[in-house]
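Q:
Residue numbers (the numbering used here), protein chains in the order written: chain E, -19 to 447; chain D, 104 to 405.
#1: Starting from the C-beta of residue 160 of chain D, find all residues in its chain whose C-beta is less than 7 Å away, skip the five residues before and the five after it, and write them out in chain order.
#2: With 16 other CB atoms within 10 Å as the buried threshold, where does residue 202 of chain D fall?
#3: Could you tell me the alpha carbon to alpha carbon distance between residue 168 of chain D and residue 399 of chain D, rounded to whole angstroms?
#4: Name the chain D residues that come within less than 9 Å of residue 423 of chain E, Cβ to Cβ?
#5: Indicate whether the contact test is met: 3 or more Cβ pairs, each with one atom in the region 300 to 319 of chain D and one in the region 143 to 153 of chain D, closer than 8 Å.
#6: Are the C-beta of residue 34 of chain E and some C-beta of chain D separated by less than 8 Å?
#7: Give, in chain order, every unbroken run of the alpha helix (DSSP H) that is at least 4 residues long and sits entirely within the region 213 to 293 of chain D.
#8: Within the region 123 to 170 of chain E, note down every full alpha helix (DSSP H) run reaching 4 residues or more, in order along the chain.
#9: Between the region 204 to 220 of chain D and the region 240 to 255 of chain D, do three or more beta carbon pairs fall short of 8 Å?
#10: Output the boundary residues of the alpha helix (DSSP H) element that contains residue 265 of chain E.
#11: According to DSSP, residue 258 of chain E sits in a beta bridge with which residue or residues?
#12: Can you list the residues of chain E that residue 343 of chain D reaches, using a CB-CB cut of under 7 Å?
#13: Which residues, in order along the region 194 to 223 of chain E, keep a beta-carbon less than 8 Å from a beta-carbon of chain D?
#14: Using a Cβ-Cβ cut-off of 8 Å, state whether residue 261 of chain D counts as contacting chain E.
#15: Go through its chain and collect everything with a Cβ distance to residue 440 of chain E's Cβ below 6 Å, but skip five positions before and after it.
#16: Could you name the residues of the same chain whose beta carbon sits closer than 8 Å to that of residue 230 of chain E, not counting the 5 residues immediately before and after it, in chain order?
#17: Give the DSSP-derived three-state secondary structure of residue 428 of chain E in the structure shown.
#18: In or out: residue 270 of chain E buried (at least 16 other Cβ within 10 Å) or exposed?
#19: By the three-class DSSP mapping on this structure, what secondary structure does residue 57 of chain E have?
#20: Cβ of residue 261 of chain E within 8 Å of Cβ of residue 375 of chain E?
#21: Check distances from the C-beta atoms of the region 161 to 192 of chain E to those of chain D and list, in chain order, the residues that come in under 8 Å.
#22: Whose CA, out of E:351, E:110 and E:416, lies closest to the CA of residue 446 of chain E?
#23: Between the region 252 to 268 of chain D and the region 235 to 244 of chain E, can you find at least three pairs of beta-carbon atoms closer than 8 Å?
#24: Output needed in chain order: residues of the region 374 to 390 of chain E with a Cβ under 8 Å from some Cβ in chain D.
#25: Quick one: is residue 3 of chain E near chain D, going by C-beta distance under 8 Å?
#26: On the premise that residue 339 of chain E lies in contact with residue 360 of chain E, defined as a C-beta separation below 8 Å, what is that separation, rounded to the nearest angstrom?
#27: When you compare only the Cα positions, how much space is there between residue 239 of chain D and residue 277 of chain E?
#28: Determine whether the Cβ of residue 399 of chain E lies closer than 8 Å to any Cβ atom of chain D.
#29: Return helix, strand or coil for residue 27 of chain E, following the three-state DSSP convention.
#30: Between residue 330 of chain D and residue 267 of chain D, is the Cβ-Cβ spacing less than 8 Å?
#31: Would you report the Cα separation of residue 222 of chain E and residue 158 of chain D, rounded to the nearest angstrom?
#32: Quick one: what does DSSP say residue 305 of chain E is sitting in, helix, strand or coil?
#33: Rounded to whole angstroms, how far is the Cβ of residue 92 of chain E from the Cβ of residue 68 of chain E, which I believe are closer than 8 Å?
#34: Do the region 382 to 396 of chain E and the region 105 to 118 of chain E make contact, defined as three or more Cβ pairs closer than 8 Å?
#35: With burial defined as no fewer than 16 other Cβ atoms inside 10 Å of the residue's Cβ, what is the status of residue 371 of chain E: buried or exposed?
#36: Using a Cβ-Cβ cut-off of 6 Å (strictly less than) and excluding sequence neighbours within five positions of residue 415 of chain D, which residues of its own chain qualify?
Right, here's the structure in full:
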């Protein structure tokens, strides 16, 4: 009996050791992410950690990080970590445990809500610490967007690149073969898609939507905003989705006519891209990141072009949103000076020029735009900044019950038997209920821009109300 | 003599205690503690960073939330179809597999295989099988009838629930077959022999002897199957993300979306999701209690 007890205890000890070893393994890894200045070791090396969720620029960034580590002259060692999934929740967890990294890569689509991060005390302002050269190269004065990059006078990050607004990306060979022109309105795009699908007789199709990967924002949302239709009514400080009715009615044509690529409602973006690159699709929509996709990830062997995003009636009455990218947030626990040093490096003319010339994005500042060798950027030139493109002020980020507005609107488009007006009313109510509630509890503020201009959305006077 | 058994008992108790300790510790650490940690947030609006006290708001909101109520109905629909097919199927196949015939082991292995594949992976596999363009299933249908238009198995709201249930059955029945088989094999052979001597035919033997004797095992299988069916969501998330238009949203897939954001960048609503999980736990709890009440006499083998 005793023997058995001993056996059990020893096996438990073994188990305990194994578990201990595992957690230790985790710990050693963590020291890397245990970001604070305390990570500096005896050798005088200052170790800082940067997290990013960008994968498309991996090769260039890793080379540049190596260069930074060799040339910074202050013995700063930057560890560059690419987070594969759940970027924001990983930061959440790490920050809650006091183990946030020093630098967080920031793009306007990363899912990081600046105000939430500031309120939670995770990040600190960087505006005052930036050098004059940095400010000139990246035009810090004009690249300041309330709620997105700054809160009041405090600048938290500076974008160094932009992603264009959405474009209609089409297979020129297929368009020529069928004999159709690039559509200017949503209605026309339904007609064009119909012609192509009919000509294809099951071998090629007019249009594809990545139903499982944000289908609405790929270009139909752009069609709405260029027609002056936007979720948030900045003048009155509340949500209003009723105007989306026209866009939904027009876009429903894709589904009532049954002319989309089969399975569009459940397709993921990469599958949609692969099919387009395969030459069996007339057109789809997306922003400038498609240049890399269609030249490297899924190289298209035919002539493809990017045309202006269609609108509801062919006229441009509102701005097409662009996305700010290529910035860094500094965390509260960071080795501040070393972190700023890294930011200066990633915002230097050399670095940004290399980044832009590899086609990872478009220039943010006029200064950088003038330095880029346009002959090197290839197809990206088709996505270059248009007069009607702009950055929208961030509307209050509410947490409504049920679907977010993009999913709801997409469902109204793809499910032709749903009542559009009822759906939009319910959507408006859900968002405004959440807004009223969250403003009341002090979680968010109501944004009002009395002199709001849909063609220049970020130019007005911002008012933040707590009721 | 008496004293000796006591000592034996005590040491056996210690042994049992030690053996249970690791799993109890793990249960507390990774299941009970997080549950309690999460539980306090049912009264909060919590986005993962900052929490705001909202009292009973989350509870009221859950009762009015049409998306959640629909998800509850879908859960029942999903569980109904899954159970009504998977249990009889496992029962029959399990029975057949106990026959002493060549190749039975091979079938056992084949049927059990889906069980060891993670439901997320099987979701991926079936995503490709169901694909309307160049999908395997539509390819087979087309080879039978070339003029037939491709079926959108996951995009058609009238079909999608059955597609999802089919994958769930494929992934789950191997497990239940194994349990059923152990039940069948546990039935004493002399019962069959005496029945045969008495002139009973195979059908009578199955319904009069095998099934009643299987009672306790069947009850366990049913309990596991019911609770699993009500908690399934991983495969659904991979296959359809609850779509199209929430047609396959079950309770936990909706809760998942609330907890981790409805879209990239959408704020997470951990407090509300915690409240909904509580509702879901109560629902699954009630079902289990009703089931155990109804099947109380299945344990008694006459």
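Cβ atoms here follow ideal geometry from the backbone N, Cα and C, with glycine treated the same way.
A: Concretely, from the data shown:
#1: For residue 160 of chain D, there are no CB contacts under 7 Å within the same chain when 5 residues up- and downstream are skipped.
#2: The residue is exposed, with fewer than 16 neighbouring Cβ atoms inside 10 Å.
#3: Looking at the backbone, the Cα of residue 168 of chain D and that of residue 399 of chain D are separated by about 35 Å.
#4: Chain D residues near residue 423 of chain E: 148, 150, 153 and 155.
#5: These segments do not touch.
#6: By this cut-off, residue 34 of chain E is not an interface position.
#7: If you keep only unbroken alpha helix (DSSP H) runs of at least 4 residues inside the region 213 to 293 of chain D, you get 222 to 233, 239 to 247 and 263 to 288.
#8: Listed in chain order, they are 152 to 158.
#9: Result no; under three Cβ-Cβ pairs closer than 8 Å.
#10: No alpha helix (DSSP H) contains residue 265 of chain E, which is instead part of the beta strand (DSSP E) from 261 to 266.
#11: Note: residue 258 of chain E sits in no beta bridge, so no partner.
#12: Listed by position along chain E, the residues whose Cβ is nearer than 7 Å to that of residue 343 of chain D are 246.
#13: Listed by position along the chain: 194.
#14: No, no contact with chain E.
#15: Cβ-Cβ distances below 6 Å link residue 440 of chain E to 429, 431 and 432 in the same chain, with the five nearest sequence neighbours on each side left out; the list follows chain order.
#16: Hits under 8 Å: 165, 166, 167, 170 and 292.
#17: Strand at residue 428 of chain E.
#18: Answer is buried; the Cβ neighbour count reaches 16.
#19: Strand at residue 57 of chain E.
#20: Not a contact, by the Cβ cut-off of 8 Å.
#21: Of all residues in the region 161 to 192 of chain E, 191 and 192 have a Cβ within less than 8 Å of some Cβ in chain D.
#22: Among E:351, E:110 and E:416, the Cα nearest to that of residue 446 of chain E belongs to E:416.
#23: Yes, the region 235 to 244 of chain E is in contact with the region 252 to 268 of chain D.
#24: Within the region 374 to 390 of chain E, the residues whose Cβ lies closer than 8 Å to some Cβ of chain D are 377, 378, 379, 381, 382, 383, 384, 386 and 387, listed in chain order.
#25: With a pLDDT of only 37 at residue 3 of chain E, under the threshold of 50, the placement of this residue in the model should not be trusted, and no figure is reported.
#26: That pair is a contact at about 5 Å.
#27: Cα-Cα distance, rounded: 25 Å.
#28: It does not; no Cβ of chain D falls within 8 Å.
#29: Strand, per DSSP.
#30: For the 8 Å CB-CB criterion, residue 330 of chain D and residue 267 of chain D do not form a contact.
#31: The straight-line gap from Cα to Cα measures roughly 32 Å.
#32: Shown here, residue 305 of chain E sits in a strand according to DSSP, grouped into three states.
#33: At roughly 6 Å, the Cβ-Cβ gap stays under 8 Å, so residue 92 of chain E and residue 68 of chain E are in contact.
#34: Counting Cβ pairs under 8 Å, fewer than three are found: no touch.
#35: Buried.
#36: A query on residue 415 of chain D cannot be resolved here, the shown segment of chain D reaching from 104 to 405 and no further.
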